[in-house]
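A.B. asks: In terms of our numbering, the sequence shown opens at residue 19 and continues consecutively.
Mind looking over this structure? Questions follow.
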Amino acid sequence: MDFENGYVMTIDGADAPGEGQVDVVNPATGKPFATAPRAGAADLDAAVAAARRALPGWRATPIADRRAALIAAGNAIAAHAEQFGRLFTREQGRPLALAIGEIKHGAYWMKATAKLDLPVDVTEDTEQRRIEVHHEPVGVVAAIVPWNFPFLLAIWKIAPALLAGNTVVVKPSPFTPLCSLKLGELLREFLPAGVLNVISGGDELGPMMTAHKGSDKISFTGSTATGKKVMESAARDLKRVTLELGGNDAAIVLPDVDVDAVAEQIFFGAFYNTAQVCIATKRLYIHEDVYDALRDKLHDIARRVVVGDGAQQGSEYGPIQNEPQYRRVMALLEDARSNGLTLLQGRDVPTEGYFIPLTIVDNPPEDSRVVQEEAFGPILPLLKYSDLDDVIARANDSEYGLAGAVWSSDIDAAVAVAKRIETGTVWINQNLQNTPYTPFAGVKQSGIGVENGMAGLLEFTQPRTLFIPKVPQAAE
């Protein structure tokens, strides 16, 4: 399989060239290095029709066989991890070792999800009757994947949807389409034609997908603003939706913390993937007793780590993935500078490409833009506090509620704080953790629905309740 050339869509198990081309830019250079197909309305119609035709056969396939196909697909992904990883670095920007890590994690996630089983819930079982609740596939799933984790988040949608008996049309971001296109090619060997279709295109393709009457569910990961548009579009046909959206995630550092023990992990949780992570720490509240020590430690780490082209050995952090996001993050930095905020930056970055120094903002006002807005880039505001009730209120004073963290040497004290944080996930003395068996969901404007675990699998189903009599009905 050629990972360097020949990027095509997969529709009904075959190549589909599209009606045009979209440039794919290497964010480390800011220059195009490949082209991907641009799907038009006819391509989308063909992909949805193929998924619709394949649905009855795939739904009728025993779940054990669907499971076996996903496990075989996961093994094939793992076998091509280095090839996928090199392509990933070119289109997404992340350093190669971490890119390969995402591919391997996607392979693991595919196989782990396949081990889940659809339950039959018995809500009543008496001498008169038995009531069973079965979980049937929703139908054709439109899966819309973002650019920050373009491989893993595709698997998060594909694996449970297929295991549940649905068919899928995947649309990757126009900024990072190539690994998804190659994934579609690879999985043709393991899935019947039409079960998994992968199409690519420009900004116009997403709204076309969400409005298409042939799909039954939309699974979307992206910004809250775009998620609202997806929900509005889905409402016209009452499509089911799962929306994993933005987060302005807060972490609280309690005064008893061992600064030397936690600084590296806190830094990683804020800046991994150049902070282009929906669940990254984006507001770090530090008790005044340890504020200066932790601030200085984090700044030392920022000055030590290397930001550069992910394809070059030694790079630990890559560029911002695309030019529009680069400009948004730069505007946020300029706003901080113009308002006289103290910026503690890391080492110099390349001048070519979409690079921004890793930046710590020293105790900005709570109402500053760098605190109130989700940067989705390497800007971390550190905020000093003295009163626990006050800091919990500040952490919760957000329209978002995706994830949070508490850092302390006292686990019981940390748990007590965690229970008061208004987010779908709270980590204690760790961060950026998810598992295939654990539900992941946001509250407030961070999303609707659940991903991962049994709850995530059931998002791709609809209940069918059977009332089964045990006593023959008397003849009239």
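All residues carry an ideal CB built from backbone N, CA and C; glycine is no exception.
Determine which residues share a DSSP beta bridge with residue 144 and list them.
C.D. replies: In the sequence shown, counting from the first residue as 1, residue 144 sits at position 126. DSSP, once it has assigned bridges, lists no residue as partnering residue 144.
A.B. asks: Determine the closest residue to residue 376 out of 401, 318 and 358, with distance taken between C-alpha atoms.
C.D. replies: As a first step, residue 376 must be located in the sequence shown, where it is residue number 358. Comparing Cα positions, the closest option is 318.
A.B. asks: Quick check on DSSP: helix, strand or coil for residue 443?
C.D. replies: Within the sequence shown, numbered from 1, the residue matching residue 443 stands at position 425. If DSSP states are grouped into helix, strand and coil, residue 443 belongs with the strands.
A.B. asks: Note down the Cα distance separating residue 256 from residue 160, rounded to an integer number of angstroms.
C.D. replies: Residue numbering aside, residue 256 sits at position 238 when the sequence shown is read from its first letter. Residue numbering aside, residue 160 sits at position 142 when the sequence shown is read from its first letter. Their Cα atoms are separated by approximately 14 Å.
A.B. asks: I think residue 198 touches residue 216, with their Cβ atoms under 8 Å apart; what is that distance to the nearest whole Å?
C.D. replies: Position 180 of the sequence shown holds residue 198. Position 198 of the sequence shown holds residue 216. Confirmed, Cβ separation roughly 6 Å.
A.B. asks: Keeping to the same chain, check which residues put their C-beta closer than 7 Å to that of residue 212; ignore five residues upstream and five downstream.
C.D. replies: The residue labelled residue 212 in the question sits at position 194 within the sequence shown. Answer for residue 212: 30, 31, 68, 69, 71, 72 and 185, listed in chain order.
A.B. asks: Measure the CB-CB distance between residue 240 and residue 189 and report whether it falls below 8 Å.
C.D. replies: Residue numbering aside, residue 240 sits at position 222 when the sequence shown is read from its first letter. Residue numbering aside, residue 189 sits at position 171 when the sequence shown is read from its first letter. Not a contact, by the Cβ cut-off of 8 Å.
A.B. asks: Of all the options 408, 89, 417 and 307, which has the alpha carbon lying nearest to the alpha carbon of residue 130?
C.D. replies: Taking the first residue of the sequence shown as position 1, residue 130 is located at position 112. Comparing Cα positions, the closest option is 89.
A.B. asks: How about residue 262 and residue 471: are their beta carbons less than 8 Å apart?
C.D. replies: As a first step, residue 262 must be located in the sequence shown, where it is residue number 244. As a first step, residue 471 must be located in the sequence shown, where it is residue number 453. No, the Cβ-Cβ distance between residue 262 and residue 471 is not below 8 Å.
A.B. asks: Where does residue 153 sit, in a helix, a strand or coil, going by DSSP?
C.D. replies: Looking up residue 153 in the sequence shown gives position 135. Strand.
A.B. asks: Around the C-beta of residue 253, are 16 or more other C-beta atoms found within 10 angstroms, so that it is buried, or is it exposed?
C.D. replies: Within the sequence shown, numbered from 1, the residue matching residue 253 stands at position 235. Flag for residue 253 reads exposed.
A.B. asks: Return the Cβ separation of residue 54 and residue 195 in integer angstroms, given the expectation that the two are a contact with Cβ distance under 8 Å.
C.D. replies: As a first step, residue 54 must be located in the sequence shown, where it is residue number 36. As a first step, residue 195 must be located in the sequence shown, where it is residue number 177. About 4 Å separates the two Cβ atoms, so the contact holds.
A.B. asks: Measure the alpha-carbon distance for residue 391 versus residue 344 and round it to whole angstroms.
C.D. replies: Taking the sequence shown and counting its residues from 1, the one referred to as residue 391 is at position 373. Taking the sequence shown and counting its residues from 1, the one referred to as residue 344 is at position 326. Looking at the two C-alpha atoms, the distance is approximately 15 Å.
A.B. asks: Report yes if the C-beta distance between residue 135 and residue 151 is below 8 Å; otherwise report no.
C.D. replies: Position 117 of the sequence shown holds residue 135. Position 133 of the sequence shown holds residue 151. No, the Cβ-Cβ distance between residue 135 and residue 151 is not below 8 Å.
A.B. asks: Alpha carbon to alpha carbon, how far is residue 335 from residue 79?
C.D. replies: Here residue 335 is taken as the residue at index 317 of the sequence shown, counted from 1. Here residue 79 is taken as the residue at index 61 of the sequence shown, counted from 1. Distance between the alpha carbons of residue 335 and residue 79 is about 44 Å.
A.B. asks: Can you check whether the CB of residue 441 is closer than 8 Å to the CB of residue 420?
C.D. replies: Translated into positions along the sequence shown, residue 420 becomes position 402. Translated into positions along the sequence shown, residue 441 becomes position 423. Their beta carbons are under 8 Å apart, which means residue 420 touches residue 441 by this criterion.
A.B. asks: Any chance you could list the alpha helix (DSSP H) runs of at least 4 consecutive residues sitting entirely within the segment 305-340, in chain order?
C.D. replies: You should have 309-322.
A.B. asks: If contact is defined by three or more beta carbon pairs under 8 Å, each pair taking one atom from either stretch, is the segment 80-99 in contact with the segment 350-363?
C.D. replies: No, the segment 350-363 does not touch the segment 80-99.
A.B. asks: Which residue comes first and which comes last in the alpha helix (DSSP H) that contains residue 127?
C.D. replies: Position 109 of the sequence shown, counted from the first residue, corresponds to residue 127. Per DSSP, residue 127 belongs to the alpha helix (DSSP H) from 114-132.
A.B. asks: When DSSP labels each residue in this structure, what does residue 5 get in the three-state scheme?
C.D. replies: The chain is shown only over 19 to 494; residue 5 falls outside these bounds and no answer can be derived.
A.B. asks: How close, in whole Å, do the beta carbons of residue 475 and residue 155 come, if the pair is a contact with beta carbons under 8 Å?
C.D. replies: Counting from 1 along the sequence shown, the entry for residue 475 is found at position 457. Counting from 1 along the sequence shown, the entry for residue 155 is found at position 137. Not confirmed; about 11 Å, so no contact.
A.B. asks: Can you tell which of 165, 148, 305 and 114 has its C-alpha closest to the C-alpha of residue 269?
C.D. replies: For the purposes of this step, residue 269 is identified with residue 251 of the sequence shown, where counting begins at 1. Ranking 165, 148, 305 and 114 by Cα distance to residue 269 puts 305 first.
A.B. asks: State yes or no: is the C-beta of residue 296 within less than 8 Å of the C-beta of residue 264?
C.D. replies: Counted from its first residue, the sequence shown places residue 296 at position 278. Counted from its first residue, the sequence shown places residue 264 at position 246. Contact: yes.
A.B. asks: For residue 556, count neighbouring C-beta atoms within 10 Å of its own C-beta (all shown protein chains included) and say buried if the count is 16 or more, exposed if not.
C.D. replies: Lying outside 19 to 494, the shown extent of the chain, residue 556 is not represented and no answer is given.
A.B. asks: In whole angstroms, what separates the C-alpha of residue 260 from that of residue 82?
C.D. replies: Position 242 of the sequence shown, counted from the start, is the residue given in the question as residue 260. Position 64 of the sequence shown, counted from the start, is the residue given in the question as residue 82. If I take the Cα positions, the gap works out to 26 Å.
A.B. asks: Note down, in chain order, each residue of its chain lying with its Cβ closer than 7 Å to the Cβ of residue 47, except the 5 sequence neighbours on either side.
C.D. replies: Sequence index remark: in the sequence shown, residue 47 carries index 29 (1-based). Taken in chain order, the residues that qualify are 370 and 371.
A.B. asks: Using alpha carbons as the reference points, say which of 291, 133 and 267 lies closest to residue 110.
C.D. replies: Residue 110 sits at position 92 when you count from the first residue of the sequence shown. Per the Cα distances, 291.
A.B. asks: For residue 215, which beta-bridge partners are listed by DSSP?
C.D. replies: The residue labelled residue 215 in the question sits at position 197 within the sequence shown. Looking at the DSSP assignment, residue 215 forms a beta bridge with 187.
A.B. asks: Going by other Cβ atoms of all chains shown within 10 Å of its Cβ, with 16 needed for buried, is residue 133 buried or exposed?
C.D. replies: Residue numbering aside, residue 133 sits at position 115 when the sequence shown is read from its first letter. Burial call: exposed.
A.B. asks: Excluding the 5 residues flanking residue 282 on each side, which residues of the same chain have their C-beta closer than 8 Å to its C-beta?
C.D. replies: Within the sequence shown, numbered from 1, the residue matching residue 282 stands at position 264. If we look at residue 282 and ignore the five residues flanking it on each side, its Cβ neighbours are 319.
A.B. asks: Could you please give the first and the last residue of the uninterrupted alpha helix (DSSP H) stretch that includes residue 251?
C.D. replies: For this step, residue 251 is matched to residue 233 along the sequence shown. 242-253 is the extent of the alpha helix (DSSP H) around residue 251.
A.B. asks: In angstroms, rounded to a whole number, what distance separates the CA positions of residue 463 and residue 248?
C.D. replies: Within the sequence shown, residue 463 is the residue found at index 445, counting from 1. Within the sequence shown, residue 248 is the residue found at index 230, counting from 1. If I take the Cα positions, the gap works out to 13 Å.
A.B. asks: Find out if the Cβ-Cβ distance for the pair residue 398, residue 288 is shorter than 8 Å.
C.D. replies: Here residue 398 refers to the residue found at position 380 of the sequence shown. Here residue 288 refers to the residue found at position 270 of the sequence shown. Yes.
A.B. asks: So residue 44 is in the alpha helix (DSSP H); what residue range does that whole segment cover?
C.D. replies: If you number the sequence shown from 1, residue 44 lands on position 26. From DSSP, residue 44 is part of no alpha helix (DSSP H) but of the beta strand (DSSP E) over 38-44.
A.B. asks: Which term fits residue 137, buried or exposed, when burial requires 16 or more other beta carbons within 10 angstroms of its beta carbon?
C.D. replies: Within the sequence shown, the letter at position 119 stands for residue 137. Its Cβ having fewer than 16 others within 10 Å, residue 137 is exposed.
A.B. asks: Let me know the secondary structure DSSP gives residue 84 once reduced to three states.
C.D. replies: On the sequence shown, residue 84 is found 66 positions in, with the first residue counted as 1. It is helical.
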